[in-house]
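All remarks here apply to the structure that follows.
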Amino acid sequence: MPEGHVVHSQAKAMKRAFAGRPVAVDSPQGRFAEGAALLDGATVTSTQAYGKHLFIGFEAGRWVHVHLGLFGKWRIAKGEPPAVRGLIRLRLVNDTHHAELRGPTACEVLTDEERAAAISRIGPDPIRPDADPLRAWEKVTRSRVAIGALLMDQRLFAGVGNIYRAEVLFRHEISPFRPGVQVSWPDFDAIWTDLTVLMADGVKRRRIDTVRPEHLPEIMGRLARRDRHGGEVYVYRRAGLPCYLCGDEVQVTDMQARNLFWCPTCQRT
DNA sequence: AGCTCATGGCGAG
DNA sequence: TCGCCCTGAGCTG
Numbered sequence: 244m245p246e247g248h249v250v251h252s253q254a255k256a257m258k259r260a261f262a263g264r265p266v267a268v269d270s271p272q273g274r275f276a277e278g279a280a281l282l283d284g285a286t287v288t289s290t291q292a293y294g295k296h297l298f299i300g301f302e303a304g305r306w307v308h309v310h311l312g313l314f315g316k317w318r319i320a321k322g323e324p325p326a327v328r329g330l331i332r333l334r335l336v337n338d339t340h341h342a343e344l345r346g347p348t349a350c351e352v353l354t355d356e357e358r359a360a361a362i363s364r365i366g367p368d369p370i371r372p373d374a375d376p377l378r379a380w381e382k383v384t385r386s387r388v389a390i391g392a393l394l395m396d397q398r399l400f401a402g403v404g405n406i407y408r409a410e411v412l413f414r415h416e417i418s419p420f421r422p423g424v425q426v427s428w429p430d431f432d433a434i435w436t437d438l439t440v441l442m443a444d445g446v447k448r449r450r451i452d453t454v455r456p457e458h459l460p461e462i463m464g465r466l467a468r469r470d471r472h473g474g475e476v477y478v479y480r481r482a483g484l485p486c487y488l489c490g491d492e493v494q495v496t497d498m499q500a501r502n503l504f505w506c507p508t509c510q511r512t
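Take any residue in the first sequence, note its place counting from 1, add 243, and you have its number in the numbering used here.
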């Protein structure tokens, strides 16, 4: 259940564990049996993350494209793989490591061309140094869609998910309902720059921490607890609780079938 | 045991 | 906008 920072962490972990060596590939569950048979024993060349998409490169110009969706999970560990338990779509095993993939939305073999086409459909990713934020700005500034929805659009902000969108808007006191066209360049620039920092930090720490250091003592004093997502945040999943900064109730509503959290007092349209 | 919810995204209508 | 896909954790009883 990842946002982009988790996918980037996992791409790095997979690279350390598998790159440059042959790997046994199978699909205990059977739903990736054909792809597994094609790649079994091939050498892993590289791994790459673009937004929430992971690409595992194999010799002969083949790639495994994985998207975890809401439920997908990787388990990457040292040593021999444990006995199969549950539904494992894809398993990678070499002399030192193993990886198990469960519940992905996408797990497919792509050619070089198909991989390039897939990447061209993914928007700029704040975690990637080669990302061009102007691609996002051009669309945001011409859109009447709410910025809270635009932030979830992977063609604009690849890798951003429900936690980062809620938190980055809170940090900049921007209402999620403000139309893109009414987001100023300085506001957009602040959002983008902040995402690059927050998400890069997320890759390193493998959790989402968005609370500014100066607010941490206050929040700890109020019995802040780590929620299931792991990390300290301002508004995500805090509906009905007092805003840490103003004390008014954090709100939740549905925006495009996802829970959107915000503080109506701190965040202005 | 069964229900609900979750850091996503797709396609039908 | 809705239904659907995928899995597991955390409740309830």
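Beta carbons: idealized from backbone N, C-alpha and C, even for Gly. This structure is a prediction, so every number in the text was calculated from the model and none was measured.
Pull up the CB-CB distance for G284 and P271, whole angstroms please, since I reckon it's below 8 Å.
Contact doesn't hold; Cβ gap of about 17 Å is too wide.
Would you tell me roughly how many angstroms separate the C-alpha atoms of G423 and T512, rounded to the nearest one?
11 Å
Considering only C-alpha positions, which residue in the set V476, L438, K447 and A276 is nearest to S252?
Among V476, L438, K447 and A276, the Cα nearest to that of S252 is on K447.
Check whether the Cβ atoms of L344 and W306 lie closer than 8 Å to each other.
no
Anyone know if the C-beta pair for A349 and H310 falls short of 8 Å?
yes
Residue nearest to F400 in terms of C-alpha spacing, selected from A276, I331, C486 and A374
Here the closest residue by C-alpha is A374.
What did DSSP end up calling A326 once you bin it into helix, strand or coil?
Correct three-state label for A326: coil.
Is V478 helix, strand or coil by DSSP?
Note: V478 maps to coil in three-state DSSP.
Work out the CA separation of S418 and R481 for me, nearest whole Å.
16 Å
Taking contact to mean 3 or more Cβ pairs, one atom from each stretch, closer than 8 Å, check whether the segment 351 to 365 and the segment 286 to 297 are in contact.
Three or more beta-carbon pairs separated by less than 8 Å link the segment 351 to 365 to the segment 286 to 297, which places the two stretches in contact.
Take N337 as the anchor and find which of A392, E357, G304 and V287 has the nearest alpha-carbon.
V287
If I follow the unbroken beta strand (DSSP E) through S363, where does it start and stop?
Element bounds for S363: not the beta strand (DSSP E) but the alpha helix (DSSP H), D355 to S363.
Are the CB atoms of Y407 and L441 within a distance shorter than 8 Å?
yes
Tell me the DSSP secondary structure of A267 in three-state form.
strand
Whose C-alpha, out of F301, R449, L377 and G346, is nearest the C-alpha of G247?
Checking every option, the nearest Cα to that of G247 belongs to R449.
Spatial distance of T453 from V411 (CA atoms):
For T453 and V411, the distance between alpha carbons rounds to 8 Å.
For V335, name the three-state secondary structure that DSSP assigns.
The sequence shown places Leu at residue 335, rather than the Val named in the question. Three-state DSSP puts L335 in a strand.
Below 8 Å on the Cβ atoms is my guess for E457 versus Y487; work out the distance and round it to an integer in Å.
Not really, about 11 Å apart at Cβ, beyond 8 Å.
Close Cβ partners of G445 (< 7 Å) along its chain, the five nearest in sequence each way excluded
H248 and I451
Do C506 and F413 have their beta-carbon atoms positioned less than 8 Å apart in this structure?
yes
Which class does Q397 belong to by DSSP, given the choice of helix, strand or coil?
Coil, per DSSP.
Roughly how many angstroms lie between the CA atoms of P245 and L313, to the nearest whole one?
7 Å
Output needed for T339: all residues of its chain with C-beta closer than 8 Å, excluding positions within five of it in sequence on either side, in chain order.
A260, K321 and G322
With distances taken between CB atoms, is the gap from W380 to F420 smaller than 8 Å?
no
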